[in-house]
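Chemist: First the structure, then my questions, so here it is.
Numbering (our numbering), first residue to last: 26 to 446.
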């Protein structure tokens with residue numbers, strides 16, 4: 026079949042433009058709101074937000090094409106090509122249209138992330154393509170069995186439920202079978218968990234192979250048994266890979282990519298995506314110097330890694346951080362992590378976290394307005410009054426409360442001994 030004839034006769038030629046407009050208009054805000062600036066994996070993953078709508082459309086188009094072939098009794102005629110050989114070019118425009126819509130979603134996400142030179146996460150794009158093909162083939166198989174007036178609406182509803190609704194279910198691993206969790210990656214210190222990719226890929230491949238068997242060998246008993254076996258094996262493999270994954274299928278980014286340089290006697294390790302690394306290092310050095318001058322012990326280094334090494338603290342800043350963000354990033358890394366018991370029982374020292382953070386921010390040189398925005402007016406007021414006390418009293422107050430934060434039994438001392446904040 027000539028390409029122009031194929032394109033003219035395919036329903037995808039007329040439907041895909043509307044799908045592209047839908048992605049641009051209806052999904053544009055969602056595709057651009059949650060990307061991590063300057064980070065390719067985040068932009069790639071966030072573009073998969075459009076998956077349920079693209080996959081549903083392609084599945085319905087596949088059902089239409091399947092019903093059209095059945096209505097034309099194509100497979101009941103003698104043919105020099107196999108059923109798969111006939112089906113593949115018919116579904117090619119559908120898959121191509123889905124790829125175009127997915128690329129439009131990717132371009133929207135990439136444009137919002139202000140990315141430099143680089144390339145998308147090809148693993149995510151590869152899994153997305155497998156899922157797209159699987160949805161199209163499943164829809165086609167249903168269309169082969171039922172007329173379009175039945176199969177297309179059934180596939181539209183069923184495909185959307187299967188692709189969009191698992192993210193609302195409490196059984197987390199189910200969403201990863203259809204790639205619905207991919208959109209939740211990634212912060213700059215994270216990468217996609219390979220198990221989420223393997224899970225979606227295994228399930229998609231099993232569905233595609235099962236449909237290929239049914240298309241080529243129709244509905245003979247042996248073909249149905251083989252198809253069911255493929256789906257069960259793929260679903261089992263996918264479920265075992267996805268079991269235990271959180272809603273956000275991410276792992277810590279390898280620290281080999283960090284760029285570490287000394288600043289004021291302290292190592293500051295930043296990711297390459299940070300645009301103004303010199304400014305961040307300089308401001309970090311100023312904050313550390315201010316804290317050290319006040320007698321506050323500071324760690325040997327600050328890092329943007331997800332899990333700091335012993336002796337380091339987390340520098341909680343984004344790749345596009347401004348100078349006023351640095352004190353907050355430094356202080357957040359110096360705050361003690363709540364103990365495990367805090368999530369299961371009383372944690373009295375939790376009341377001291379905001380005032381201590383406010384005091385550190387004020388000591389680091391942040392403005393009163395910034396401190397109030399970050400910690401709240403009550404915590405800022407307590408910290409302001411503590412700052413009026415002698416330095417030794419302030420340090421004692423800080424040390425007592427930070428020690429209390431590491432346990433679930435010690436009460437904080439919001440009022441310093443000898444002070445009246």
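Backbone N, C-alpha and C fix where the C-beta goes; we use that ideal spot for every residue, glycine too.
Would you be able to state if there are at least three C-beta pairs under 8 Å between the stretch 236 to 244 and the stretch 196 to 207?
Modeler: no
Chemist: By Cβ distance, which residues of its chain are closer than 7 Å to residue 373, with the 5 residues on each side in sequence left out?
Modeler: Here residue 373 refers to the residue found at position 348 of the chain shown. For residue 373, where only same-chain residues beyond five positions count, the Cβ hits under 7 Å are 436, 437.
Chemist: Nearest to residue 160 by alpha carbon, out of 419, 111, 371, 229?
Modeler: If you number the chain shown from 1, residue 160 lands on position 135. For the residues 419, 111, 371, 229, the minimum Cα distance to residue 160 belongs to 229.
Chemist: So who's on the other strand from residue 285, going by DSSP bridges?
Modeler: The residue you call residue 285 lines up with position 260 of the chain shown. The partner list for residue 285 (beta bridge, DSSP) reads 294.
Chemist: Is it true that the CB of residue 51 sits closer than 8 Å to the CB of residue 181?
Modeler: In the chain shown, residue 181 corresponds to position 156, counting from 1. In the chain shown, residue 51 corresponds to position 26, counting from 1. No.
Chemist: Can you tell me whether residue 304 is helix, strand or coil according to DSSP?
Modeler: If you number the chain shown from 1, residue 304 lands on position 279. Helix.
Chemist: Determine the DSSP secondary structure at residue 320, reduced to helix, strand or coil.
Modeler: Locating residue 320 in the chain shown gives position 295, where the first residue counts as 1. Here DSSP, grouped into helix, strand and coil, assigns residue 320 to coil.
Chemist: Please state whether DSSP places residue 215 in a helix, a strand or coil.
Modeler: To locate residue 215, count along the chain shown from 1; it is residue 190. DSSP, read as helix, strand or coil, puts residue 215 in strand.
Chemist: Checking the sheet assignment: what are the DSSP bridge partners for residue 327?
Modeler: Reading the chain shown from its first residue, position 302 is the one you call residue 327. Looking at the DSSP assignment, residue 327 forms a beta bridge with 293, 338.
Chemist: Within the same chain, show all residues whose beta-carbon is closer than 6 Å to that of residue 320, passing over the 5 residues directly before and after it, in chain order.
Modeler: The residue labelled residue 320 in the question sits at position 295 within the chain shown. Only residues of its own chain outside the window of five on either side were considered, and among them 420 have a CB closer than 6 Å to the CB of residue 320, listed in chain order.
Chemist: In the DSSP assignment, find the unbroken alpha helix (DSSP H) run with residue 356 in it and report its ends.
Modeler: Reading the chain shown from its first residue, position 331 is the one you call residue 356. Where residue 356 is concerned, the enclosing alpha helix (DSSP H) stretches over 351 to 359.
Chemist: Measure the beta-carbon distance from residue 139 to residue 70 and round it to whole angstroms, keeping in mind my assumption that it falls under 8 Å.
Modeler: Here residue 139 is taken as the residue at index 114 of the chain shown, counted from 1. Here residue 70 is taken as the residue at index 45 of the chain shown, counted from 1. Rounded, the Cβ-Cβ distance is 16 Å, inconsistent with contact.
Chemist: Measuring straight from C-alpha to C-alpha, what distance separates residue 425 and residue 441?
Modeler: Within the chain shown, residue 425 is the residue found at index 400, counting from 1. Within the chain shown, residue 441 is the residue found at index 416, counting from 1. In a straight line, the C-alpha of residue 425 is about 9 Å away from that of residue 441.
Chemist: Output the distance between the C-alpha atoms of residue 164 and residue 195, rounded to the nearest integer angstrom.
Modeler: Counting from one through the chain shown, the residue named residue 164 turns up at place 139. Counting from one through the chain shown, the residue named residue 195 turns up at place 170. Looking at the two C-alpha atoms, the distance is approximately 27 Å.
Chemist: When DSSP builds the beta bridges, which residues end up paired with residue 277?
Modeler: The residue you call residue 277 lines up with position 252 of the chain shown. Paired residues: 215.
Chemist: What residue range does the alpha helix (DSSP H) around residue 202 cover?
Modeler: Counting from one through the chain shown, the residue named residue 202 turns up at place 177. Per DSSP, the continuous alpha helix (DSSP H) segment holding residue 202 begins and ends at 197 to 202.
Chemist: Could you give the uninterrupted runs of the alpha helix (DSSP H) lying entirely in the stretch 71 to 148, keeping only those of 4 residues or more?
Modeler: 76 to 96, 108 to 137
Chemist: According to DSSP, simplified to helix, strand and coil, what is residue 261?
Modeler: Within the chain shown, the letter at position 236 stands for residue 261. In this structure, residue 261 counts as helix in the three-state DSSP scheme.
Chemist: Please list the terminal residues of the continuous alpha helix (DSSP H) segment that includes residue 55.
Modeler: By one-based count along the chain shown, residue 55 stands at place 30. Residues 53 to 58.
Chemist: Going by CA-CA distance only, name the one from 331, 390, 166 that's closest to residue 276.
Modeler: Here the question's residue 276 lines up with position 251 in the chain shown. The option with the nearest alpha carbon to residue 276 is 331.
Chemist: Where residue 72 and residue 253 are concerned, what is the direct C-alpha to C-alpha distance, given to the nearest angstrom?
Modeler: Residue mapping note: residue 72 aligns to position 47 of the chain shown, counting from 1. Residue mapping note: residue 253 aligns to position 228 of the chain shown, counting from 1. C-alpha separation (whole angstroms): 32 Å.
Chemist: Could you have a look at residue 438 and say whether DSSP puts it in helix, strand or coil?
Modeler: Here residue 438 corresponds to residue number 413 of the chain shown, with the count starting at 1. Reduced to three states, the DSSP call for residue 438 is coil.
Chemist: By DSSP, does residue 236 sit in helix, in strand, or in coil?
Modeler: For the purposes of this step, residue 236 is taken as the residue at position 211 of the chain shown. Of the three classes helix, strand and coil, the one that applies to residue 236 here is helix, per DSSP.
Chemist: Indicate whether the contact test is met: 3 or more Cβ pairs, each with one atom in the stretch 285 to 304 and one in the stretch 384 to 403, closer than 8 Å.
Modeler: no
Chemist: In this structure, does DSSP put residue 446 in helix, strand or coil?
Modeler: Position 421 of the chain shown, counted from the first residue, corresponds to residue 446. Only weak support exists for where residue 446 lies, its pLDDT of 47 falling under 50; the value from the coordinates is given anyway. The answer is coil: DSSP assigns residue 446 none of H, G, I, E or B.
Chemist: Considering only residues of the same chain and omitting the five flanking positions on each side of residue 77, which have a CB-CB separation below 7 Å?
Modeler: For the purposes of this step, residue 77 is taken as residue 52 along the chain shown, with counting starting at 1. Contacts found: 185, 188, 189.
Chemist: Using the rule of at least 16 other Cβ atoms within 10 Å of the residue's Cβ for burial, across every protein chain shown, is residue 284 buried or exposed?
Modeler: Translated into positions along the chain shown, residue 284 becomes position 259. Exposed, since its Cβ has fewer than 16 Cβ neighbours within 10 Å.
Chemist: Does the distance from the C-beta atom of residue 153 to that of residue 121 stay below 8 Å?
Modeler: Along the chain shown, read from residue 1 onward, the residue named residue 153 stands at position 128. Along the chain shown, read from residue 1 onward, the residue named residue 121 stands at position 96. Going by C-beta atoms, residue 153 is not nearer than 8 Å to residue 121.
Chemist: Whose C-alpha, out of 87, 168, 45, is nearest the C-alpha of residue 132?
Modeler: Residue mapping note: residue 132 aligns to position 107 of the chain shown, counting from 1. When each option's Cα is compared against that of residue 132, the closest is 45.
Chemist: Taking contact to mean 3 or more Cβ pairs, one atom from each stretch, closer than 8 Å, check whether the stretch 53 to 68 and the stretch 305 to 316 are in contact.
Modeler: no
Chemist: Looking only at its chain, what residues have a beta carbon closer than 7 Å to the beta carbon of residue 223, apart from the 5 residues adjacent to it on each side?
Modeler: Residue 223 sits at position 198 when you count from the first residue of the chain shown. Excluding positions up to five away in sequence, the list reads 266.
Chemist: Give me the Cα-Cα distance between residue 384 and residue 341, rounded to the nearest whole angstrom.
Modeler: Position 359 of the chain shown, counting from 1, holds the residue named residue 384. Position 316 of the chain shown, counting from 1, holds the residue named residue 341. If you take the alpha carbons of residue 384 and residue 341, they lie about 18 Å apart.
Chemist: Less than 8 Å between the beta carbons of residue 60 and residue 213, yes or no?
Modeler: Indexing the chain shown from 1 puts residue 60 at position 35. Indexing the chain shown from 1 puts residue 213 at position 188. No. Outside cutoff.
Chemist: Under three-state DSSP, which class holds residue 205?
Modeler: Residue numbering aside, residue 205 sits at position 180 when the chain shown is read from its first letter. Three-state DSSP puts residue 205 in coil, outside helix and strand.
Chemist: Assign residue 250 to one of two classes, buried (16 or more other C-beta atoms within 10 Å of its C-beta) or exposed (fewer than that).
Modeler: Position 225 of the chain shown, counted from the start, is the residue given in the question as residue 250. Exposed: under 16 other Cβ atoms inside 10 Å.
Chemist: Just tell me which of 148, 434, 137, 242 has its CA closest to the CA of residue 169.
Modeler: The sequence position of residue 169 within the chain shown is 144, counting from 1. Minimum Cα distance to residue 169 is reached at 242.
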